[in-house]
Structure formats: C-alpha cells, structure tokens
Amino acid sequence: MKKVLIYKGYERFWHWTQAMLILLLAVTGFEVHGTFDLMGYEQAVLIHRNLAWAFIILIVFTQFWNMTTGEWRQYVPSTNLLKAQIKYYITGIFSNAPHPTRKTVYNKFNPLQRLTYLGLRVLIIPVVVLSGLVYMYYVSLVDQSAVGSLAPVAYFHTIGAFLLMGFVIGHVYLTTTGHKPLSAIKAMITGWEEMSNEDAEIALEENLKVALIESRKGISGHGSIEKEGMFETAFEDVVEKLGINTESTRLREKLLTSNVGYFRIGKDGKYQDVNEVWLNLYKCTDKKEVIGSDVTLDRTPEGKEQIIKLVNKILSGEIITGERVERVCKDGTIGYHTVSAAPVKDKDGNTTGLEGFIIDITPQVEAEKALEKKINAEHKSNVFYEQIAKSKDVGYFRIGDQGFYQEVNETWLKLYKYDSKDDLIGKHYSLSRTKDDFIKLKQSFEKVMNGETIPLGITRRYCKDGSIGYHTITMTPVVENDKIVGVEGFIVDKTDRKMAEEELKKEQI
Amino acid sequence: MKKIFEIIFIIIIPWIIILWIVFNYNGDKDRDYYPSSEIKIEHTKAPVDHSKFEVLQKEFQTGPEVTEACLSCHNGRGEEFMKTEHWNWHKVDSIPGRGTFDLGKKNLLNNFCIGVNSNEKLCSMCHAGYGYGDKDFDFKNQNNIDCLICHDGTKTYRKSNPCKGPNLPGSGAADISVDLAYVAQNVGLPKRNNCGSCHFTGGGGNNVKHGDLEMGLLSAHTGLNGEVDVHMGVGEHANNMECTDCHKTHNHQISGQLYSVSSSNSNRATCEECHTGKPHQSELLNDHFKTIACQTCHITEYAKLHPTKIIWDWSTAARYDNDGNLIKKMETADSTYTFDGVVYDDVEIHFDPKHGTAVFKKDVCPEYIWFNGTADHFLIEDKIKDTTKPVILNPLLGSYEDHYQPADPTSPSKIWPVKIMRGKQPYDVKNLTLVQPKLAGKIKGSNALWVDFSWNNSIQAGMDYLGRPYSGDYGFIETQTLWPLNHEVSQKNQALQCADCHNADDSRLKNLTGFYLPGRDQNSLLDYTGLIFLILVLAGVSIHGFFRITSSKKKH
Chain A
205 MKKVLIYKGY
215 ERFWHWTQAM
225 LILLLAVTGF
235 EVHGTFDLMG
245 YEQAVLIHRN
255 LAWAFIILIV
265 FTQFWNMTTG
275 EWRQYVPSTN
285 LLKAQIKYYI
295 TGIFSNAPHP
305 TRKTVYNKFN
315 PLQRLTYLGL
325 RVLIIPVVVL
335 SGLVYMYYVS
345 LVDQSAVGSL
355 APVAYFHTIG
365 AFLLMGFVIG
375 HVYLTTTGHK
385 PLSAIKAMIT
395 GWEEMSNEDA
405 EIALEENLKV
415 ALIESRKGIS
425 GHGSIEKEGM
435 FETAFEDVVE
445 KLGINTESTR
455 LREKLLTSNV
465 GYFRIGKDGK
475 YQDVNEVWLN
485 LYKCTDKKEV
495 IGSDVTLDRT
505 PEGKEQIIKL
515 VNKILSGEII
525 TGERVERVCK
535 DGTIGYHTVS
545 AAPVKDKDGN
555 TTGLEGFIID
565 ITPQVEAEKA
575 LEKKINAEHK
585 SNVFYEQIAK
595 SKDVGYFRIG
605 DQGFYQEVNE
615 TWLKLYKYDS
625 KDDLIGKHYS
635 LSRTKDDFIK
645 LKQSFEKVMN
655 GETIPLGITR
665 RYCKDGSIGY
675 HTITMTPVVE
685 NDKIVGVEGF
695 IVDKTDRKMA
705 EEELKKEQI
Chain B
168 MKKIFEIIFI
178 IIIPWIIILW
188 IVFNYNGDKD
198 RDYYPSSEIK
208 IEHTKAPVDH
218 SKFEVLQKEF
228 QTGPEVTEAC
238 LSCHNGRGEE
248 FMKTEHWNWH
258 KVDSIPGRGT
268 FDLGKKNLLN
278 NFCIGVNSNE
288 KLCSMCHAGY
298 GYGDKDFDFK
308 NQNNIDCLIC
318 HDGTKTYRKS
328 NPCKGPNLPG
338 SGAADISVDL
348 AYVAQNVGLP
358 KRNNCGSCHF
368 TGGGGNNVKH
378 GDLEMGLLSA
388 HTGLNGEVDV
398 HMGVGEHANN
408 MECTDCHKTH
418 NHQISGQLYS
428 VSSSNSNRAT
438 CEECHTGKPH
448 QSELLNDHFK
458 TIACQTCHIT
468 EYAKLHPTKI
478 IWDWSTAARY
488 DNDGNLIKKM
498 ETADSTYTFD
508 GVVYDDVEIH
518 FDPKHGTAVF
528 KKDVCPEYIW
538 FNGTADHFLI
548 EDKIKDTTKP
558 VILNPLLGSY
568 EDHYQPADPT
578 SPSKIWPVKI
588 MRGKQPYDVK
598 NLTLVQPKLA
608 GKIKGSNALW
618 VDFSWNNSIQ
628 AGMDYLGRPY
638 SGDYGFIETQ
648 TLWPLNHEVS
658 QKNQALQCAD
668 CHNADDSRLK
678 NLTGFYLPGR
688 DQNSLLDYTG
698 LIFLILVLAG
708 VSIHGFFRIT
718 SSKKKH
C-alpha cells in the first residue's frame, strides 16, 4: 500500500468549505421553507443570504482557478470505460474485482464521476443558484416585470435543493469505495490517497508522463525533432542531477528477480537486507532472523577470516568480483558461491556499508571437484561421464583433434542456445567465437592436445541468437589407445556473475 | 506535525473565518425606524381672538344663526363646503368595470343600521348641517351648514340626540344645553375631539363601527404615550397628532377615502406621505413595501380599549313568541358565538328586540385581503346572485395577480388589514334585492321598526320612501362589509415580526391563500416527492454498503 499525492491545497480548502456551506444552506434553507424551527425565520433568512453569497463567491473564484490551472480538463466527460465503471459499482465491487480506472493527480475522476459532476455543474447548481438569486431580488425583478408569481421560483429552488441533498448522500457513501473505506476521505483532508502498489506505480507513471508532456509543450519551436533534441538532453541532465541511474536500476531489478542472491551489510558488519534467493541459498526461512545478525555467523572458521578480510577490503573502497566463498547453511550443509560486492555510499559520498550479489556454484564446484579427482585419477569412468553429461548445470563437449565437435550434451546446447545436436556436430569450435577469443582458445586447445591440463578460466561465447554469454571451461585430453585424439571438457555458465560484475563496476563510476 | 498544521490552515481556519462572517455580518442593517430625520408637525394657532368680534356677541338661539354670523366674515366658505361629502353625503365616484356613480352615505347600504333614507332625523346627528330630516332638505342653503361641530374649541358643543328624550329636537340640531355664543367665540381648527364626536361613535356607540376609532383615543389616561395609537398618543413624550395632520385639508376638502362609501383610488391619506416608501433601515423590510400595506404589520390589533361590534344579527330583532309577545330577552351563551360556521371567542353578546343580537369583541386580530384601493358596491338595485353565500356589500378589489401584474400600475394590490363586519339583514326574497327598512321613529304607527316592531311594515315603509319595489316577501341574508384599518397604530417594537406571517402552522395570513408565501407554503407533492427521493437514495446506499460488507466478510 502506497500513498500518492492527489489533491492540491486549494482543492481541499474549496471542497470542505463548499461542503460546509451547502450543509448550512440546507439547514437554513429548509427552515425558511417551513420544515422546522431552529433559529427563527428572520435569522434563518439572514444567514441563508450570507451563506448564499459566500457560496457564489467561492464557486465563481473556483471556476477561475479551474480555468487557469487547467483543472477544467478533469471535468471533461468521457464515455471511455463508462460501462466498465458502472459495472464495477453494481457487481464488481462485491467480488473484490479490481477498479477499472485509476486515480492520478492529472485524472482524478472516473467516467461515472465525470458524468455526475457534469450534471451537477450544468443542471443542479445553476438551478439552485439562479432561482435563489431571482428569489433574493424578486421585488426589483417584479418591478421591472421580469418575473411573475413567486411560486415557480420557489418550486425550482426547492427541487434543486432536494436534488443537491440526494447528491450529498450518494457522494458521501461513494467516498467509501476507495482502497479502504476511509482512504478517500483521508485523502481529501491530507491530500494523500492510499492505494495498492500497482495502482501507485501506474499513478507515478502517469504523473511522469504528463509532467514530461507538459514541459515539452512548454517550449516553443516548430516541429517535434527540434524539441526532441533539447528534450532528450534536458531529460538526461535531470536524471543525472537527481542521481537516478535508470539502466542500472533495471538491471538491478532483473538481477533481483533472477536466481541471484542479494545482500546488504552495514559498516558494523551486520546484515541490513537480503533477498529471497539469498535466503534460499543459505536455507533460511525467515528474513527477520538474518537482518541484524553478523556476517561472520554462517561461515567455517577459515571462511570467517576470509569474509572479514573481504568486508574490510570493500569498505575501504575496493570492488570485488567473483570471489569464491564457502558458506555454512542453516541446516549445516556447506555450499559454495561466488560473491561480487561494492561499497554503498550516501549522498555525500560516505561509505555506509556494502552490498553485492552471490551466485550459487555448489553444483559446479562439486562437478569440478569430481573432475579434479578424475583428472588426478586419470581414470575414465563411463558412469561418471554419464552423470556429468546429464547434469543440468554443467555443459559437456568433446572436440576431435582437428577441432570439430564430436559430442555435446543438452546443457551445452541450452547454453549456446542451439536447438539440436545436429546443428553442431561436425562443425568447428571456432564457430562460436570472435577472432581474439578463438586465438586464445586455440592456444589452450593445442596445450591440451600436447597433454597439458589448463586451469579453470572464464571465456566468452557467442550464442546462436547472437547474445553473449560467459562460462568457465575445463579442457582435458581424450586419450584412446595411448594417443590424444581430442579434447573434452565441461563448461559452467557464469553469465549472471559476469553481469553482476559489470553492474558493480558501473556503480563505482 | 506538519500535516496537522497544514490541515488546520487549509480547512479549519477558513471554516472559522467564513462562519464568523456569515453569522455576524448583517447586510440588512438594523431594524430601527429611521432616527435621523424627524417629521415636523406644526400646529399653528391663528392670532385671531373670535371673542372680540361684535357679530359673535349676541345670544344665538339656533345653530343656523351662528352659521349666518360665521359666513358674514368667512364668505365663500359656505359655497366651498357645500361641494364636499361631509355636506352632501354623496360624491361622484367610479367603480372599476362598472362606470361612474353618485355614491355615498345617502344611497349606499351597510350592515349596521343599513341605510339613512327614512331615518334621517336620527342619522343627521352626525350630519355637518342643521335640519337634514328628510330627502327634501335644502342642500343649497348655506345657513344650514353646522360650522361648530368641526370648529368648536370649547369641547362643550354637541348635537341633540332625539332618542334620549321625548321632545328633544332632531335632524342635527344643536343640543339645547349648548351656549352657542360661547362656542362661537372660541372656534378654531378642528381637533381630535371634533372629528371624534362623530367618527368615534358611528353605528350608535363608542367604537361600534370602525373598530380602530374610539373615544379612548382622546383620553390622556388611556392614550398615554402612544400605547394605543402611536400618532395620537397624548402626553409629554407622545406625538399627540390631530386628525388633520394626516387627513390634510385644503379648502374643506379632506384627504382620506372611506371604502364603505367610496370606490376609487383617489384622495388617499397615506403613510408614505410622511414616512416615504423606505422607512426602515432594513432593506428586507423595505422590500415588503410593494406587497404589504404599512398598516398590515403596524396595526397588530384593533379595538384596544373598547370592544367593537363584529356581528349584527338583525334577524332576532322584532321577533314574537308563539303567544304573539315580543321577545324581549334571549339566552346568550357565555363568551363564544358561532356565526356562519366560525366560532368567535372572548366576545360579549347583547340582545334587545330593537337591534337584535349584537356581538362585541375587544383586541381583535385583523383579517387580511389583497386590496388595490378600489372597491365595488352592492347597490340597492343590484340582484343577489347566490342566496347561500354572504353578500359582500363593498367588495374591496384586488388579487395576487393584480399585485405583480397590476391592471393599474399606480395602484397595485397589497395585503391590507381589515375589519370584516358580518351580520344578517333583511332582503327581498322574490326580487332578490336587499331592502332598506325604516328603523328610527318615535311615533307609533309610523312603521319605524323601533316603535312598531314589524319587519314587513318597516321594510315597506323604507322601500316606499325610496320609491323602490318590494314584493312583501322578506328574509334575512348574511352580509359582510370590509373596513380597512388605519388607526390604532402600534408602537414600532410591537409591530408584527417575520414569523407572524412566515409561519407554517399559525400564520396571520392563514386564510389568504392563492399565492406562495415562503415559510408558510409548501407544495406538498413536491415535498413528498423530494423526501421519497432522499429516502430512496439513502436506502440505495445502505443496501449497497451492506452487500459490500457481507461480501468482503465472505472473502475472509
């Protein structure tokens, strides 16, 4: 639930003053009508007249305000979504259906309201006010033979009064149909209206849109291209001045909703915020347990040391990327993740803490360990290979001595965004590389063909659809009959991590 | 914290400021009478001493002798006076839609003593002349003018009442106790007692007729400081005005129109002449000028001192019981009287065989009508159209439509307070006309009702005197006369308040329907429809809300 500023100061003053005037006009008016006796006929007439003048002054000035501020647009009736709005009030509201329309500061009224206020402004108020004026000046109008019997004037005035009272009852009730029953009334008092997050977001978007359109309109010039150039520059300047990093915000959002764990730690070394993924990785169920606890809590003794070192490094201003860290989950199991982090600075540039991302590499690490074991054992095991080959996290490949692909597994295909093996088998491994990358890889390839193993490294791939990905790669020689006939290895996707690194780098700029 | 401050500044403080202004600002100003300009009333006393004139030194035996003496100096005044209604008892006047008539006390009927003809010997007690005993009176002889009744300054002059004694002179003669020379030497401009000697006792007694003109207006005690009438109040801090201050007179032409004997909107004595059409500081009140006569709000009650006659039922006069005896007494209820389906509370009921049943009431609430200053009259030759409804002898014309779309823009209709005199008087059943009986007389066999007690004979005598047909078949029919109220103006703080008329339950204008009065009237169809509409809206939102609550509970 968010609060959005909908009503300006003058509007609130006008609304409540008008409400008070109308109610008192009704009370004194019905006493003049003879319905009851509160303050005496004479007093009722005098006060009714004073109230009438106050009311006329108020509404005349308010029309002036409406005109000059552009608020008059709010009252232009529209049939768009009218049926939907009526349907909502008749049936939808009972089944908790969402509102078909939303309130923003530039569009306060739904179509049904617009229609009602049109009726009020064109029919009811003029009838009551004009007949009231004729009533007040009846004697001099009769002198000029402008009006005859008083009866029709009085009847019109009374009819208008009843209609206005009916409106008041309906209006007061309908204000309870907001986000919560008192939302609309509170809004008219304070100016801020409670609404759901989605509604608030849309309201914000609308406001930005209209504000931008209006400021663009506020610059003279022929043709939109001229304005656009100015406009884009101005927009970027403002965004920068306000310190809004629009791209990184989107990136961050994407990261936060992906499988990346996010954390923020204060200068005191205590957790300030974590996201769902982080909790899952640490196998915690309750955010509240984590927030405020020390960062060294869930580590092995070596891990503790490492963490403290890392934290201090970052607080002193460095960015870390891809540090491999061990964690102890709540249930005691051990996990592995890479962490990238950067210091968090406030407006004035003082470090208030650090934040970063963790990407789980437990399966990859386990795969690596297995692979190492195998490398050390120099022992091929079909079962082992089969297992790895089926693994979802690890991509397997085998390339022949000439450099043509002989085998890849499903995961590999997925990572390279190929549809089937047939697209790939028989093709050269240079297919998915830039020239630079190919040279680098060729060096590694030749090394392995000579019997070397090369350590884990990150390399870039070009997927079938042209997007770029990152992965770590292992390469071992395939030995058959004591001769090296090819290279096989595993790739583990590191795209997210790479993206996180880039993001943190950018923040520091 | 900032939010609360903001709410206070934007919402609460404006409320407080606006409400403070709304409830305290009176754009309508105070309701005081305009205090700045005082109306000056000047009573000049002529520097002449009539007691020094030789021509007035002799022993006058009769009234006409005095008049002759007056006219020896004030020549021309006689001719002048003989053009006026006080002398002629009729004038030429127009009735809207009917034409021009010669109308007046001489030939119009009312529901008090009904008519002057054949009763002149008594009626001329209030004629400004000597000897008007029958229709042969010489209206051209200026010595017949009674100057003293209006111009007496001694308060000792009175005319003779022939009913008070067997041999007293009638026909407007001066009373035998009056020292005519003394009176003649002390003449002056007319004061309240001069006018009041006739106009306070119309109908045969104090305050019988008008209701707002009574002897108490003379008395320093009862009229003190203007509690009864703010203009005529006597005493140090009161206005002590004379009749002529409002009823301005020029060459014996007196302003003021009495609608029992007049019909056109002319020669009016109005409040605006002194008070203007905008006498209040409140604009709202001044706005009422177009709709309401000043008298409506400022004459809140009439007959404040002495009860006035409100009902005169002639049908119980001259009645005989089964043995043929004249009914001399009648059982009367305590203090309520029902007439034409309406119950009158707090009344005094008198009965005697001469006059029938008379109902008197004090502190009477006026009735209200639309009136534009013109009236119709039911003439003796007019036919009664519907004998089941009361005949209105002097319908005062006007309506709501005539208020906002007046036929004559110089005299639109306004709401006026009136005394409605009700009664039963004789009519010709066959000819369907009203009849005029001979009432006054002292000689038996003259067919005067008050000596012979025979309706048929009296009616016959009266109609013969007029030369009008009478079928011999009489009955009694309900009649009304309307008397606009102008006197016994209350003090300003006693005037009617807004809620006296703008009141849904008990408005003073309850019976004056046919127009929309805010606060009193509602269109019940409109109100019920509006209420049902509001109830439907309320029900609708309640049901909607109920289902929302239950459906959201289901989710949980």
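If you read the sequences in order, they're chains A and B.
Each step along the first sequence adds one to the number in the numbering used here, with nothing skipped, and position 127 is 331.
Each step along the second sequence adds one to the number in the numbering used here, with nothing skipped, and position 481 is 648.
Built from N, CA and C at the ideal position, the CB exists for glycine as well.
All figures in this text were calculated on a predicted structure; none of them were measured in a lab.
Neighbouring residues, chain A, relative to residue i (Cβ below 9 Å)
{"i": "Pro685(B)", "result": "Val236, His237, Gly238, Tyr245, Val249, Tyr339, Leu354 and Ala358"}
{"i": "Asn690(B)", "result": "Ala355, Ala358, Tyr359 and Thr362"}
When the options are compared against residue i, the one with the closest alpha-carbon
{"i": "Arg637(A)", "options": "Asp605(A), Gly670(A) and Ala404(A)", "result": "Gly670(A)"}
{"i": "Met497(B)", "options": "Pro474(B), His522(B) and Leu698(B)", "result": "His522(B)"}
{"i": "Arg675(B)", "options": "Ala436(B), Ser502(B), Pro533(B) and Gly337(B)", "result": "Pro533(B)"}
{"i": "Thr321(B)", "options": "Lys331(B), Gln352(B) and Asn308(B)", "result": "Gln352(B)"}
{"i": "Gly630(A)", "options": "Leu575(A), Thr542(A) and Tyr609(A)", "result": "Tyr609(A)"}
{"i": "Gly557(A)", "options": "Asp477(A), Glu530(A), Asn284(A) and Lys702(A)", "result": "Asp477(A)"}
{"i": "Thr680(A)", "options": "Met703(A), Tyr666(A) and Glu650(A)", "result": "Glu650(A)"}
{"i": "His442(B)", "options": "His417(B), Thr458(B), Cys413(B) and Gly423(B)", "result": "Cys413(B)"}
{"i": "Ile312(B)", "options": "Ala340(B), Pro181(B) and Ala460(B)", "result": "Ala340(B)"}
{"i": "Leu229(A)", "options": "Leu285(A), Gly336(A) and Phe265(A)", "result": "Gly336(A)"}
{"i": "Leu652(B)", "options": "Lys326(B), Leu315(B), Lys720(B) and Gln424(B)", "result": "Gln424(B)"}
{"i": "Lys508(A)", "options": "Gly521(A), Lys491(A) and Arg531(A)", "result": "Arg531(A)"}
{"i": "Trp483(B)", "options": "Gln224(B), Pro636(B), Val526(B) and Leu451(B)", "result": "Looking at the sequence shown, residue 483(B) is not Trp but Thr. Here the closest residue by C-alpha is Val526(B)."}
In DSSP terms, what residue i is bridged to
{"i": "Tyr466(A)", "result": "Phe561(A)"}
{"i": "Trp584(B)", "result": "What sits at residue 584(B) in the sequence shown is Pro, not Trp. Partner(s): Tyr535(B)."}
{"i": "Gly590(B)", "result": "Trp479(B) and Thr646(B)"}
{"i": "Ile662(A)", "result": "Thr676(A)"}
{"i": "Val683(A)", "result": "Ile688(A)"}
{"i": "Tyr504(B)", "result": "Tyr511(B)"}
{"i": "Ile459(B)", "result": "Ile582(B)"}
{"i": "Met399(A)", "result": "Lys206(A)"}
Under 7 Å by beta carbon: chain B residues contacting residue i
{"i": "Ala258(A)", "result": "Ile185 and Val189"}
{"i": "Met434(A)", "result": "Per Cβ cutoff of 7 Å: no residues; Met434(A) is ~37 Å from chain B at best."}
{"i": "Ile297(A)", "result": "Arg715"}
8 Å Cβ cut-off: residues of chain B touching residue i
{"i": "Tyr377(A)", "result": "Val708, His711 and Gly712"}
{"i": "Gly213(A)", "result": "Glu173 and Ile177"}
{"i": "Thr273(A)", "result": "Under the 8 Å cutoff, chain B gives no residues; its nearest Cβ is about 16 Å from Thr273(A)."}
{"i": "Asn254(A)", "result": "Ile188, Val189, Phe190, Tyr192 and Gly194"}
Proximal chain A residues relative to residue i, where beta-carbon distance stays under 7 Å
{"i": "Asn193(B)", "result": "Leu250"}
{"i": "Pro181(B)", "result": "Phe217 and Thr221"}
{"i": "Lys756(B)", "result": "The structure shown has nothing for residue 756(B), since chain B only spans 168 to 723."}
{"i": "Asp454(B)", "result": "Val343"}
{"i": "Gln572(B)", "result": "Gly352"}
Check: residue i C-beta below 6 Å from any heavy atom of the ligand SAH
{"i": "Leu451(B)", "result": "Although the ligand SAH was asked about, the structure shown includes no ligands whatsoever."}
Contacts that residue i makes with chain A (C-beta to C-beta distance below 8 Å)
{"i": "Phe682(B)", "result": "Ser353, Leu354 and Ala355"}
{"i": "Pro480(B)", "result": "Residue identity check: residue 480(B) is Asp in the sequence provided, not Pro. Those do not exist, as Asp480(B) stays about 38 Å from chain A at its closest Cβ, beyond 8 Å."}
Problem set entry | Interface positions of the segment 641-672 of chain B facing chain A (Cβ-Cβ less than 8 Å), listed along the chain | Listed by position along the chain: Gln664, Cys665, Ala666, His669, Asn670 and Ala671.
Problem set entry | Interface positions of the segment 331-362 of chain B facing chain A (Cβ-Cβ less than 8 Å), listed along the chain | The residues in question: there are none.
Problem set entry | Contact set between the segment 359-375 of chain A and chain B, restricted to residues whose Cβ is under 7 Å from the partner | The segment 359-375 of chain A vs chain B, Cβ under 7 Å: Tyr359, Thr362, Ile363, Phe366, Met369, Gly370, Ile373 and Gly374.
Problem set entry | Contacting positions in the segment 260-288 of chain B - beta carbon closer than 7 Å to chain A | Against chain A - using a Cβ distance shorter than 7 Å - the segment 260-288 of chain B contributes no residues.
For this session: Scan the segment 299-310 of chain B for residues whose Cβ lies nearer than 9 Å to a Cβ of chain A and list them as they occur along the chain.
Result: Those residues of the segment 299-310 of chain B that come within reach of chain A (Cβ to Cβ, closer than 9 Å) do not exist; the list is empty.
For this session: Would you list, in chain order, the members of the segment 312-341 of chain A that have their beta-carbon closer than 7 Å to a beta-carbon of chain B?
Result: Residues of the segment 312-341 of chain A that bring their beta carbon within less than 7 Å of a beta carbon in chain B are absent altogether.
Exercise. At which residue ranges does the segment 289-356 of chain A contain complete alpha helix (DSSP H) runs of 4 or more residues, listed in the order of the chain?
Worked result: Here the runs fully enclosed are 315-323, 329-340 and 342-347.
Problem set entry | Interface residues of the segment 695-706 of chain B facing chain A [CB-CB below 9 Å] | Listed by position, the residues of the segment 695-706 of chain B near chain A (Cβ gap below 9 Å) are Thr696, Gly697, Leu698, Phe700, Leu701, Leu703, Val704 and Leu705.
Exercise. What residue ranges within the segment 634-683 of chain B form continuous beta strand (DSSP E) runs of no fewer than 3 residues, ordered along the chain?
Worked result: Secondary structure within the segment 634-683 of chain B: the beta strand (DSSP E) runs of 3 or more consecutive residues, fully enclosed, are 641-651 (chain order).
Problem set entry | Cβ-based contacts, 9 Å cut-off: residues of the segment 581-602 of chain B near chain A | Within the segment 581-602 of chain B, contact with chain A at the beta-carbon level (separation under 9 Å) is assigned to no residue.
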